[in-house]
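In the UniProt record's numbering, the protein residues as written are 1 to 347.
C-beta: ideal position from N, C-alpha, C; glycine also.
Okay, structure first, notes after.
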């Protein structure tokens, strides 16, 4: 039996089943970061992620600097998804012999730029060759911190909570489509912004900190949208033991996304619900606190946030609610490294 016969998350569960833990592990496998209590005044957050040529990026559709920035940005987003602050990064490069030196220098230029913007230090890592393989890969481990009692996880959503999302999910997927199929006459201005969103995502660090400051009694669950809104909402529901209903009419669709979809004759909802790689924050808010959270975001000049649905009983599963009151199951069609057709997901 090969790894490809399992879904990504089934494989993780199988490989990690029965791993030992210790009392200092506050949050282990199954969230955006692991959380450790080392006895100091703050809790330690740890995450790692990889970018693989031909799966996450190509040098034909992104510059080396953009690739470097994105490689760190997606790790920063994991820290944001726990309400934390990034501190230190370890960077490993797996380099094929054919790789030009200027590509590696460009990637490191992007890494430096993203690290400086997030006040994060690159303090080490590793460099290795790939032997006969011709694939470049970037692997990053990121360490962050959070105050005690302020870490937000996927596991706290409760029935009656309101579901919010930052920004405009689906923009990255639309930008990727325009990169993969560049010959279509897309609206130039819309296409330029959507491609920029995809090539260099913006980790919502300030927004994650704001949510953390509100605390887990108000912000009950938090995740970043990496695999797609439907799939990442499913992760919250699974960890929290709840269901969810999304109001189709409330989904925030950017004007650029709608313009691109119109030129292609496509439904923009498919990108918004299942596209992935937006690195927006998806979170739930306890009843009665919605206006307070919205006011805090507005006062801070943070990213726009939109209430898009409600947490329901687990038995209801994931559902879409249309403006006419009709409901239907929300199927998860988000990215999976082992079951998504056409494996490549180039940047």
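Short of 6 Å in beta carbon distance, which residues of its chain neighbour residue 85, apart from the five on each side in sequence? Order them along the chain.
Indexing the chain shown from 1 puts residue 85 at position 85. Excluding sequence neighbours, residue 85 sits near 144 and 145.
For residue 124, the residue or residues it bridges with in DSSP:
On the chain shown, residue 124 is found 124 positions in, with the first residue counted as 1. In the DSSP output, where bridge partners are listed per residue, residue 124 has 90.
Residue 125 versus 324, 140 and 111, residue with shortest Cα-Cα distance:
Here residue 125 is taken as the residue at index 125 of the chain shown, counted from 1. Measuring from the Cα of residue 125, the nearest candidate turns out to be 140.
Please look up how many angstroms separate the CB atoms of residue 348 and residue 308, rounded, as I've assumed it's under 8 Å.
It is not possible to answer for residue 348, since the shown part of the chain is limited to 1 through 347.
So, using beta-carbon positions, are residue 329 and residue 321 closer together than 8 Å?
Start at 1 with the first residue of the chain shown, and residue 329 comes out as number 329. Start at 1 with the first residue of the chain shown, and residue 321 comes out as number 321. Taking 8 Å as the Cβ cut-off, residue 329 and residue 321 do not qualify as a contacting pair.
DSSP on residue 236, reduced to helix/strand/coil?
Numbered from its first residue, the chain shown carries residue 236 at position 236. Note: residue 236 maps to helix in three-state DSSP.
Nonlocal neighbours in the same chain, by C-beta distance under 8 Å from residue 315, ignoring five residues either side:
Translated into the one-based positions of the chain shown, residue 315 becomes position 315. If you ignore the 5 residues before and after residue 315, its C-beta comes within less than 8 Å of the C-beta of 243, all in its own chain and listed in chain order.
Assess contact between the segment 262-269 and the segment 126-135, defined as three or more Cβ pairs (one per stretch) separated by less than 8 Å. Is contact present?
Contact between the segment 262-269 and the segment 126-135 is absent, because fewer than three Cβ pairs lie under 8 Å.
Taking 8 Å as the threshold (C-beta atoms), are residue 73 and residue 206 in contact?
The residue you call residue 206 lines up with position 206 of the chain shown. The residue you call residue 73 lines up with position 73 of the chain shown. In this structure, residue 73 does not lie closer than 8 Å to residue 206 by Cβ.
Can residue 277 and residue 173 be called in contact, C-beta distance under 8 Å?
Looking up residue 277 in the chain shown gives position 277. Looking up residue 173 in the chain shown gives position 173. Taking 8 Å as the cut-off, the Cβ atoms of residue 277 and residue 173 count as close.
Just list the residues that DSSP pairs residue 307 with in beta bridges.
Here residue 307 refers to the residue found at position 307 when the chain shown is read from its first residue. Residue 307 is bridged to 164.
Can the beta-carbon of residue 239 be found closer than 8 Å to that of residue 30?
In the chain shown, residue 239 corresponds to position 239, counting from 1. In the chain shown, residue 30 corresponds to position 30, counting from 1. At a Cβ-Cβ threshold of 8 Å, residue 239 and residue 30 count as neighbours.
From which residue to which residue does the beta strand (DSSP E) around residue 245 run?
Numbered from 1 along the chain shown, position 245 holds the residue referred to as residue 245. 243-247 is the span of the beta strand (DSSP E), which, as asked, contains residue 245.
Which of helix, strand or coil DSSP assigns to residue 191
Walking along the chain shown from the start, residue 191 turns up at place 191. Residue 191: helix per DSSP, three-state reduction.
Short of 6 Å in beta carbon distance, which residues of its chain neighbour residue 348, apart from the five on each side in sequence? Order them along the chain.
Missing from the structure shown is residue 348; the chain here goes from 1 to 347 and no further.
Best match in 199, 304, 36 and 252 for proximity to residue 51 [C-alpha to C-alpha]
Taking the chain shown and counting its residues from 1, one reaches residue 51 at position 51. Selected option, being the one with the closest Cα: 199.
When the Cα atoms are used, what is the spatial distance from residue 292 to residue 204?
For the purposes of this step, residue 292 is taken as the residue at position 292 of the chain shown. For the purposes of this step, residue 204 is taken as the residue at position 204 of the chain shown. Cα to Cα, residue 292 sits roughly 19 Å from residue 204.
Residue 93, buried or exposed, once every other Cβ within 10 Å from all chains shown has been counted against 16
Here residue 93 is taken as the residue at index 93 of the chain shown, counted from 1. Per the 10 Å Cβ criterion, buried.
Does the distance from the CB of residue 69 to the CB of residue 102 come in under 8 Å?
For the purposes of this step, residue 69 is taken as residue 69 along the chain shown, with counting starting at 1. For the purposes of this step, residue 102 is taken as residue 102 along the chain shown, with counting starting at 1. Taking 8 Å as the Cβ cut-off, residue 69 and residue 102 do not qualify as a contacting pair.
Looking at the secondary structure, which residues open and close the alpha helix (DSSP H) in which residue 293 lies?
Translated into the one-based positions of the chain shown, residue 293 becomes position 293. Following the DSSP letters along the chain, one finds residue 293 inside the alpha helix (DSSP H) bounded by residues 290-300.
Does the separation of the CB atoms of residue 210 and residue 165 fall below 8 Å?
Position 210 of the chain shown, counted from the start, is the residue given in the question as residue 210. Position 165 of the chain shown, counted from the start, is the residue given in the question as residue 165. At the C-beta level, residue 210 and residue 165 stay beyond 8 Å of one another.
Suppose only complete runs of 4+ residues qualify. What are the alpha helix (DSSP H) ranges in the UniProt domain "PurM-like N-terminal" (30-145), listed by chain order?
At a cut-off of 4 residues, the continuous stretches assigned as alpha helix (DSSP H) that sit fully inside the UniProt domain "PurM-like N-terminal" (30-145) are 64-80 and 101-117.
Assign residue 343 to one of three DSSP states: helix, strand, or coil.
Locating residue 343 in the chain shown gives position 343, where the first residue counts as 1. Confidence at residue 343 is low in this model, with a pLDDT of 43, below 50, so its placement is unreliable and no value can be given for it.
Residue 275 to residue 226 span [Cα, whole Å]
The count along the chain shown starts at 1 and reaches residue 275 at position 275. The count along the chain shown starts at 1 and reaches residue 226 at position 226. Straight-line Cα distance between these residues: approximately 9 Å.
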